[in-house]
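Chemist: For reference, the structure I am asking about is given below.
Written out as structure tokens, the structure reads:
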């Protein structure tokens with residue numbers, strides 16, 4: 013067993029790219045992305061994200077879940093306005109670097125997730141007759 017993988021499973025890390033600190037992907041992050049119908053959490057949306065979707069994801073990842081949720085509770089316009097203001101401070105030249113970091117961050121978060129239908133209890137039981 014890889015001890016670094018075990019540590020990452022219990023202590024999610026944050027990542028810094030282009031001066032932005034990406035918060036760990038949490039269940040709260042997933043719920044927020046579901047609230048905005050983000051394609052990252054929509055299995056049916058097998059497509060590239062739009063610039064707006066990338067920047068909304070980046071916005072969510074750079075602040076506490078509670079803050080993004082409060083904006084969403086004010087209405088979609090409040091959230092969209094905050095994302096637009098946030099995006100205004102990001103140089104276009106850094107988008108590719110930021111996108112790659114977000115992708116890696118997401119992949120690392122999923123690395124330790126248990127796939128749906130993976131029943132650890134079944135695997136842990138001894139075989140009959142042992």
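Numbering (our numbering), first residue to last: 13 to 142. We treat Cβ as the ideally placed atom computed from N, Cα and C, and that holds for glycine. Computed from a prediction, not measured in an experiment: that's the story for all the values here.
Are there 16 or more other CB atoms within 10 angstroms of the CB of residue 65, so buried, or fewer, so exposed?
Modeler: Per the 10 Å Cβ criterion, buried.
Chemist: Can you tell me which of 114, 122, 62 puts its alpha carbon nearest to the alpha carbon of residue 32?
Modeler: The shortest C-alpha separation from residue 32 is found at 114.
Chemist: Between the beta-carbon of residue 45 and the beta-carbon of residue 77, is there less than 8 Å?
Modeler: No. Outside cutoff.
Chemist: Compute the beta-carbon to beta-carbon distance between residue 68 and residue 104, rounded to the nearest angstrom, for a pair I have assumed lies under 8 Å.
Modeler: 17 Å between Cβ atoms; not a contact.
Chemist: So residue 29 and residue 110 are in contact, right, with Cβ under 8 Å, and what is the actual spacing, rounded?
Modeler: Confirmed, about 6 Å.
Chemist: Judging by CA-CA distance, which residue of 80, 102, 112, 60 is the nearest neighbour of residue 43?
Modeler: Looking at the Cα atoms, 80 is the closest of the given residues.
Chemist: What are the boundary residues of the beta strand (DSSP E) that includes residue 27?
Modeler: From DSSP, the beta strand (DSSP E) with residue 27 extends over 27-29.
Chemist: Determine the extent of the alpha helix (DSSP H) in which residue 122 is found, giving its start and end residues.
Modeler: Per DSSP, residue 122 belongs to the alpha helix (DSSP H) from 107-123.
Chemist: In the DSSP output, what is residue 32 paired with across the bridge?
Modeler: Note: residue 32 sits in a beta bridge opposite 29.
Chemist: Are the beta-carbon atoms of residue 62 and residue 34 separated by less than 8 Å?
Modeler: Contact: no.
Chemist: What's the gap between the Cα of residue 87 and the Cα of residue 53?
Modeler: If you take the alpha carbons of residue 87 and residue 53, they lie about 20 Å apart.
Chemist: Do you know how far the Cα of residue 100 is from the Cα of residue 39?
Modeler: Straight-line Cα distance between these residues: approximately 28 Å.
Chemist: To which residues of the same chain is residue 91 closer than 6 Å at the C-beta, ignoring the five residues directly before and after it?
Modeler: Excluding positions up to five away in sequence, the list reads 83, 84.
Chemist: Roughly how many whole angstroms lie between the Cα atoms of residue 117 and residue 70?
Modeler: Roughly 11 Å separates the two Cα atoms.
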